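Colleague: Chains as they are written, first to last, in my numbering: chain A, -6 to 261; chain B, 15 to 345.
Sharing a structure with you now.
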Amino acid sequence: MKRGLTWFNVTALVAGFTFLYIPLVLLVLFSFNEVRSVTDFTGFSLRWYERLFDNDQLLRAALVTVQLGLASAALATVLGVMAALALVRGGRFRGRTAFAGMVYAPMVMPEVILGLAFLLFFVATSLERGFVTLLLAHVTFTMCFVAVTVQSRLLAFDRSLEEAAQDLGCPPWKSFFLITLPIIAPAVAAGFLLALTLSLDDLVISSFASGPGYTTLPMRIYSSVRLGVTPEINALCTVLIGLVTVGVIVASLVQKRSIDLARRHARP
Amino acid sequence: MSGAPAPRPTSAGTPPAPAIAAAQPRRGARIDWGRLAMIGVPYGWLIVLFAFPFVLVLKLSLSDRALAVPPFRPLIEWERGLEGILDFLAALDLESYTGRLIQNPIYGEALANSLGIASIATLILLLVGYPIAYAMARAPRDWRPWLVMAVILPFWTSFLIRVYAWVGILQPDGLLNAGLGALGLVDPAAPPRILFTDTAVIIGIVYAYLPFMVLPLYASLERMDHTLLEAAADLGCPPWKSFWLVTVPISLPGVFAGALLCFIPIMGEFVIPDLLGGPDTLMIGRTIWVEFFANRNWPVASAVAVVLLVLLIVPILLFQRAQERGLGAHR
């Protein structure tokens, strides 16, 4: 039987990827528009970018967002790796099902509900809403994605390596840092990036968790989109898309390199 | 469970980490502190910051609205001990539910509308996503990582940006109408209004959630053993029939996972109906947001959230079981 792509498959791929990419291409295109329209392209100009980099409010929001993203992704990675280890290496413990449930639930839980729950918690504990509350909320909803990413890697690798080290007298914490961590490192890095992206991107949970005077970039974008569509927002989105694209390409190159290295080590 | 106080909350709102009594150290009888920390720290974190906040939502939904900051009456005065708890039990009421949710048809409508939009969107996602995933799984092996990357790349870009991109396209003088007009499908003089309708919301949802549908479908289709199809063909089964009898049943776990991964968050979606929908596009996530931020009626917002959660609990449990089973297959 012949395998390979039929015309139907090719059509599906072309149509599917056109659908996925056309809106982003248009968004980028109109960021260079001369006039204040996002439907009618009249000529090339960079004036919206100039405006963008003069906008102090926006730049301050961007700074807050990046700080928050890096801090929450770092913390979420530590907690997520621990949660993955607990699920895969923890054996049986009381409340394991409830624990697994709490790890998977935030992945699909509607953000509005999560945000509301976080806010009520912060009110009940009288935590002043600001950076700390944003951090706690972001860590909680992103650590689950780290845990799931790391978990699948932990399940795939050969446990006898760890056991061999421990049989030779290596204490568990040392075998974790010397053997387990290097092996799961690509998944940990992927989990960190995922947590970072989710944090940088979040609007709904941040809106609930942040206090007055503390605005993240998505919150800024959202409020200006509500006021109307301008090429300035397109310019901002283009900058963000550019950063993400570069980040993803660099990350995948790094990962590819580490996989190649691992292969070379595996086959002496 | 209704109204029951949190397991062991202190006034600071930090219940202690769970006892991990069944911890069995693998070597020797000493307590394995490493293992205890490995389980206890994330477990404790999730109990304090995930489980406990939900108890608070439930509590607040049973509370009365008050014109104060925060805009509700405290439910349990822990400082007063048992008396405080008894007072709480006496004052417990379902007013947020009976008084507002049932009497005001808006909430029922929002719920029905969310259910309708989420079902239609999930169905369209399946119909659009399946051919893409199928073609990806049949593509030459070297292409596949690139195709997967191409599906994931838009997912890494901001959700908000991807939804915003459609605002320009769906405008009356936007590119969709221009394209349809060029094809002679719509009258350019009187373009139909698409933005701020349910149609726009569904288009936005299908766009934003497509990667979540394609990837699980691809994962299940890619693993498929193609000799099965060859066997079917050798036995005289026509391709359409072997697709229906072999491929589709094999991909069902992927269909299931993709549908749940889309349907559950779509039910509570806020950004898409808010930016692409009209004032009459009622969806439950948006209702919670409006009750909370605009009307400042926290008890009703909590009650709506509880109702939504109760509706979603079955799909969420199904999703978790599918996750566990998927991991089991790895072993």
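Yeah, the Cβ is synthetic: ideal placement off N, Cα and C, and Gly gets one too.
Keep in mind the model is a prediction, meaning the values are calculated, not measured.
1) Is there at least one Cβ from chain A nearer than 8 Å to Q185(B)'s Cβ?
2) With three or more beta-carbon pairs closer than 8 Å as the criterion, would you say the stretch 121 to 137 of chain B touches the stretch 216 to 235 of chain B?
3) Need the endpoints of the alpha helix (DSSP H) that A233(B) sits in, please.
4) Could you check the C-alpha separation between K167(A) and D156(B) for me, to the nearest Å?
5) Hey, would you say G182(B) sits closer than 8 Å to L19(A), going by beta carbons?
6) Output yes if chain D places a C-beta closer than 8 Å to the C-beta of N26(A); else output no.
7) Quickly, what does DSSP pair S37(A) with across the bridge? List them, please.
8) Does DSSP put Y215(A) in a helix, in a strand, or in coil?
9) Looking at the secondary structure, which residues open and close the alpha helix (DSSP H) in which R53(A) lies?
10) Can you pull the chain B neighbours of L215(A), defined as C-beta to C-beta under 7 Å?
11) For F333(B), would you say it is in contact with chain A, using Cβ-to-Cβ distances shorter than 8 Å as the test?
12) Quick one, which residues of the stretch 303 to 333 of chain B are near chain A if we go by CB-CB under 7 Å, in chain order?
13) Using only alpha-carbon positions, find the residue among L322(B), R237(B) and P287(B) that is nearest to L209(B).
14) Could you tell me whether the stretch 190 to 210 of chain B touches the stretch 239 to 252 of chain B, using the rule of 3 or more Cβ pairs below 8 Å?
15) Please list the terminal residues of the continuous alpha helix (DSSP H) segment that includes L70(B).
16) Going by DSSP in three states, E225(A) sits in which element: helix, strand or coil?
17) For G94(A) and chain B, any beta-carbon pair shorter than 8 Å?
18) Mind pulling the chain A residues with CB within less than 7 Å of A164(B)?
19) Are E338(B) and A183(A) touching if we call contact CB-CB under 8 Å?
20) Could you tell me the distance, in whole angstroms, from the CA atom of S316(B) to the CA atom of A117(A)?
21) Can you tell me where the alpha helix (DSSP H) holding I208(B) begins and where it ends?
22) By how many angstroms is the C-alpha of A51(B) removed from the C-alpha of L76(A)?
23) Is the beta carbon of L109(A) less than 8 Å from the beta carbon of V285(B)?
24) Using the Cα positions of R40(B) and F169(A), report the straight-line distance between them to the nearest angstrom.
25) Which of helix, strand or coil does DSSP assign to T4(A)?
26) Is A124(B) close to chain A? Criterion is C-beta to C-beta, closer than 8 Å.
27) Label E305(B) either buried or exposed according to how many other C-beta atoms from any shown protein chain fall within 10 Å of its C-beta, with 16 as the threshold for buried.
28) Given this structure, state the Cα-to-Cα distance separating K(-5)(A) from T261(B), to the nearest angstrom.
29) Any idea if S65(A) is buried or exposed, counting beta-carbon neighbours within 10 angstroms, 16 or more meaning buried?
30) Let me know if Q334(B) comes out buried or exposed under the rule of 16 or more other beta-carbons within 10 Å of its beta-carbon.
31) Quick one: list the residues of chain A neighbouring L224(B), beta-carbon separation under 9 Å, in chain order.
32) Give every residue of the same chain whose Cβ lies closer than 7 Å to the Cβ of R215(A), excluding the five residues on either side of it in the sequence, and list them in chain order.
33) Quick check: is any heavy atom of the ligand NAD less than 7 Å from the C-beta of P205(A)?
34) For A182(A), report the span of its alpha helix (DSSP H) as first-last.
35) With a CB to CB cut of under 8 Å and the five nearest residues on each side skipped, what residues in its chain are close to R44(A)?
36) Enumerate in chain order the residues of its own chain whose CB-to-CB distance from S234(B) is below 6 Å, with the five nearest sequence positions on each side excluded.
Modeller: For this structure:
1) yes
2) yes
3) D212 to E236
4) 39 Å
5) yes
6) Absent here is chain D; the protein component of the structure consists of chains A and B.
7) According to the sequence displayed, residue 37(A) carries Phe and not Ser. Answer is N26(A).
8) helix
9) D49 to R82
10) In the sequence as presented, Leu is not what sits at residue 215(A); that position holds Tyr. Within 7 Å Cβ-Cβ: L174.
11) yes
12) W303, F306, A315, S316, A319, L322, L323, I330 and F333
13) P287(B)
14) no
15) F66 to S75
16) helix
17) yes
18) F10
19) no
20) 14 Å
21) Here I208(B) belongs to no alpha helix (DSSP H), and DSSP marks it neither H nor E.
22) One point to set straight first is that residue 76(A) is Ala, not Leu, in the sequence displayed. Cα to Cα, A76(A) sits roughly 10 Å from A51(B).
23) no
24) Since pLDDT at R40(B) reaches only 49, below the 50 mark, its modelled position is unreliable, and the value read off the structure follows with that caveat. Answer to the nearest angstrom: the Cα atoms are 15 Å apart.
25) helix
26) no
27) buried
28) Low confidence applies to K(-5)(A): its pLDDT is 44, below 50, so where it sits in the model is not reliable, and the reading given next is rough at best. If I take the Cα positions, the gap works out to 16 Å.
29) buried
30) buried
31) G9, F12 and L13
32) It is Tyr, not Arg, that sits at residue 215(A) in the sequence shown. So the list reads L196, once near-sequence residues are dropped.
33) Absence of the ligand NAD is noted for the structure shown, with no ligands found whatsoever.
34) L174 to D194
35) E225 and A228
36) S265, P267 and G268
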